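Peer 1: Numbering (the working numbering), first residue to last: 16 to 328.
We treat Cβ as the ideally placed atom computed from N, Cα and C, and that holds for glycine.
Just so you know, these numbers come straight off a predicted model, no measurement behind them.
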Amino acid sequence: MGEEGVQAEVTTQVATATRAPAARSTRLLSAALPLILALAPHPALAAPAPQIALTFDDLPLHTPYPGGDTPLSVTDAILAALKQARAPAFGFVNAGKGEAGDLDTVLDHWRAAGLPFGNHGFRHLNLDKVGAAEFVAELDRNQAALAPRGMKRWLRYPFLAEGRDPAVRDAVRAALAQRHYRIAGVSLSFDDWAWNAPYARCAAQGNTAAIADLEARFLSAARADAEAARAASQARFRRDVPYVLLLHVGAFDARMMPRLLALYRDMGFRFVTLEQAQRDPFYAATDPARPGPTPALLRTTPLPRPGDDVCPA
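#1: Within the same chain, show all residues whose beta-carbon is closer than 7 Å to that of R232, passing over the 5 residues directly before and after it, in chain order.
#2: Assign G3 to buried or exposed, taking buried as 16 or more other Cβ atoms, counted over all protein chains shown, within 10 Å of its Cβ.
#3: Specify, as a first and last residue, the run of the alpha helix (DSSP H) that N211 falls within.
#4: Nearest by alpha-carbon distance to L170: which of F297, D180, D324 and E290 is it?
#5: DSSP three-state call for N134: helix, strand or coil?
#6: Which one or two residues does DSSP pair with H263 in a beta bridge?
#7: Taking the alpha carbon of D91 as the point to measure from, which residue in C326, L276 and G265 has its own alpha carbon closest?
#8: F107 lies in the beta strand (DSSP E); which residues open and close that run?
#9: Helix, strand or coil, according to DSSP, for Q329 in the structure here?
#10: Over what stretch of residues does the alpha helix (DSSP H) that includes T85 continue unbroken?
#11: Taking the alpha-carbon positions, what's the A244 to D84 distance?
#12: Can you list, in chain order, the residues of its chain whose CB lies under 7 Å from that of A304, leaving out five sequence neighbours each side?
#13: Going straight from the alpha carbon of V325 to that of P213, what length do you get?
#14: For H135, tell me which candidate among G113, A159, W125 and F107 has the shortest Cα-Cα distance.
#15: Taking 6 Å as the limit between beta carbons, can you name the residues of its chain near A236, skipping five residues before and five after?
#16: In or out: R216 buried (at least 16 other Cβ within 10 Å) or exposed?
#17: Since R197 sits in a beta bridge, which residues does DSSP pair it with?
#18: Ordered along the chain, which non-local residues of its own chain (more than five positions away) have a Cβ less than 8 Å from that of A100?
#19: So, L130 versus F150, is the Cβ gap smaller than 8 Å?
#20: So H139 and K167 are supposed to be a Cβ contact under 8 Å. How far apart are they, rounded?
#21: Do D117 and H263 come within 8 Å of each other at the CB atom, strictly closer than that value?
#22: In whole angstroms, give me the CA-to-CA distance for L161 and A110.
#23: Is it buried or exposed, H77, if we count other Cβ atoms within 10 angstroms and call 16 or more buried?
#24: So what's L203 in DSSP terms, helix, strand or just coil?
#25: Please classify N157 as buried or exposed, where buried requires at least 16 neighbouring CB atoms within 10 angstroms.
#26: Would you identify the three-state DSSP class for F284, choosing helix, strand or coil?
#27: Using the beta-carbon count (16 or more within 10 Å), is A53 buried or exposed?
#28: Give me the Cβ distance between A176 and D143, rounded to the nearest whole Å; I'm assuming they're in contact under 8 Å.
#29: Following the continuous alpha helix (DSSP H) through E153, name the residue where it begins and the one where it ends.
#30: Assuming A241 and M282 make a contact with CB atoms under 8 Å, what is their CB distance in whole Å?
#31: What span of residues does the alpha helix (DSSP H) with T309 cover, start to end?
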């Protein structure tokens, strides 16, 4: 029977059911139900919502801060936005940054929000500048400081530098595998860190017009990055890979977080955990026992970002 015939049969059965006594009507509607469901749009045929995992680097602090902001106030603002959006997140910590009390207070609040955190190196050193031995020593030093506080064995490379020299890269990956680490990939980044210094300068000058411009440019860059990454993923894989977004615990990030999360939700993204995202085969190389490097940014063209010309000192 063709679709027109099926539709006619459904119409006939439903019309007959509405004229029948109650018991017979129920039987006729039950008989018509499979035909109705067959013609209805099937949710499984719709494209799944793209997934995004939020990660925040540089806990307990990412400077500079405008007057009045502190590592804890910035972290609390980010946590409040995440809670409001019901968005999970993963933090990456440099235990050697900040004042003595910053680490404990920030991580206490981060953990109280139910969010995990991992290793970002003790002092945020660049592997390509210090070499494998010193980098692994920094990793171990950070682990010793953070393990009693509940650190998960995930590493985010500082500066995303995994080692230009294959021998250096392989040596660090071997050390990570020996220590049972996973590597946190990055497939989305719009250089959010670049907005924090201009914002601090503009706030110090009371330049509200410039701050409004920064806000608009920040959201525009986030949208452009997501659109470019999705287009690249569709072109390469004919699907959306789960995306891992790199953010920082900066003051401007905190200011913009409610609007940023709303932007991603309006674009159709569904928030997932880092672990959920990296179950995808796209992230297979984040297992340090496999050859590296980990997947690069899906967006290949640079995005504009604010510079020293915004509210110059």
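Peer 2: With the structure as the only source:
#1: Residue numbering aside, residue 232 sits at position 217 when the sequence shown is read from its first letter. Around R232: P321.
#2: Residue 3 lies beyond the stretch modelled for the chain, which goes from 16 to 328, so this question has no answer here.
#3: Locating residue 211 in the sequence shown gives position 196, counting from the first residue. Taken as a continuous stretch (DSSP letters only), the alpha helix (DSSP H) holding N211 covers N211 to Q220.
#4: Within the sequence shown, numbered from 1, the residue matching residue 170 stands at position 155. Of the candidates F297, D180, D324 and E290, the one whose C-alpha sits nearest the C-alpha of L170 is E290.
#5: If you number the sequence shown from 1, residue 134 lands on position 119. Three-state DSSP puts N134 in a strand.
#6: Reading the sequence shown from its first residue, position 248 is the one you call residue 263. In the DSSP output, where bridge partners are listed per residue, H263 has D72.
#7: By 1-based counting over the sequence shown, the position of residue 91 is 76. The alpha carbon of D91 has as its nearest neighbour, out of C326, L276 and G265, the alpha carbon of G265.
#8: Numbered from 1 along the sequence shown, position 92 holds the residue referred to as residue 107. Segment A104 to V108, the beta strand (DSSP E) holding F107.
#9: Residue 329 lies beyond the residue range present for the chain, which begins at 16 and ends at 328; the question has no answer from this structure.
#10: Against the sequence shown, residue 85 aligns to sequence position 70. T85 -> no alpha helix (DSSP H), and no H or E assigned at all.
#11: Residue numbering aside, residue 244 sits at position 229 when the sequence shown is read from its first letter. Residue numbering aside, residue 84 sits at position 69 when the sequence shown is read from its first letter. Spanning the two alpha carbons is a distance of roughly 33 Å.
#12: Mapped onto the sequence shown, residue 304 falls at position 289. A192, listed in sequence order.
#13: Walking along the sequence shown from the start, residue 325 turns up at place 310. Walking along the sequence shown from the start, residue 213 turns up at place 198. Rounded to the nearest angstrom, the two C-alpha atoms are 6 Å apart.
#14: Along the sequence shown, one-based indexing puts residue 135 at 120. With distances taken between Cα atoms, H135 lies closest to F107.
#15: Within the sequence shown, numbered from 1, the residue matching residue 236 stands at position 221. So the qualifying residues of the chain are F205 and L318.
#16: Counted from its first residue, the sequence shown places residue 216 at position 201. A buried status is given to R216, since no fewer than 16 other beta-carbon atoms sit within 10 Å of its beta-carbon.
#17: In the sequence shown, residue 197 corresponds to position 182, counting from 1. The partner list for R197 (beta bridge, DSSP) reads W169.
#18: Here residue 100 corresponds to residue number 85 of the sequence shown, with the count starting at 1. The residues are P273, L276, A277, R280 and F286.
#19: Within the sequence shown, the letter at position 115 stands for residue 130. Within the sequence shown, the letter at position 135 stands for residue 150. For the 8 Å CB-CB criterion, L130 and F150 do not form a contact.
#20: Here residue 139 is taken as the residue at index 124 of the sequence shown, counted from 1. Here residue 167 is taken as the residue at index 152 of the sequence shown, counted from 1. In fact, because the Cβ distance is near 18 Å, the residues do not count as touching under 8 Å.
#21: Within the sequence shown, residue 263 is the residue found at index 248, counting from 1. Within the sequence shown, residue 117 is the residue found at index 102, counting from 1. Cβ atoms of H263 and D117: not closer than 8 Å.
#22: As a first step, residue 161 must be located in the sequence shown, where it is residue number 146. As a first step, residue 110 must be located in the sequence shown, where it is residue number 95. One Cα belongs to L161, the other to A110, and the distance between them is close to 7 Å.
#23: As a position in the sequence shown, residue 77 is number 62, starting the count at 1. Classification of H77: buried, given that the 10 Å Cβ count is 16 or more.
#24: If you number the sequence shown from 1, residue 203 lands on position 188. For L203, the secondary structure class from DSSP, reduced to helix, strand or coil, is strand.
#25: The residue you call residue 157 lines up with position 142 of the sequence shown. Buried is the call here.
#26: For the purposes of this step, residue 284 is taken as the residue at position 269 of the sequence shown. Looking at F284 - three-state DSSP - the assignment turns out to be coil, as it is neither helix nor strand.
#27: Taking the sequence shown and counting its residues from 1, the one referred to as residue 53 is at position 38. Confidence at A53 is low in this model, with a pLDDT of 43, below 50, so the placement of that residue is unreliable and no value is reported for it.
#28: Here residue 176 refers to the residue found at position 161 when the sequence shown is read from its first residue. Here residue 143 refers to the residue found at position 128 when the sequence shown is read from its first residue. With 8 Å as the limit, A176 and D143 qualify as a contact, their Cβ atoms being about 5 Å apart.
#29: Here residue 153 corresponds to residue number 138 of the sequence shown, with the count starting at 1. For E153, the enclosing alpha helix (DSSP H) stretches over residues L142 to L161.
#30: Residue 241 sits at position 226 when you count from the first residue of the sequence shown. Residue 282 sits at position 267 when you count from the first residue of the sequence shown. Cβ atoms of A241 and M282 come within 8 Å of each other, at about 6 Å.
#31: Residue 309 sits at position 294 when you count from the first residue of the sequence shown. Counted as a single uninterrupted DSSP element, the stretch harbouring T309 is not any alpha helix (DSSP H), since DSSP gives it neither H nor E.
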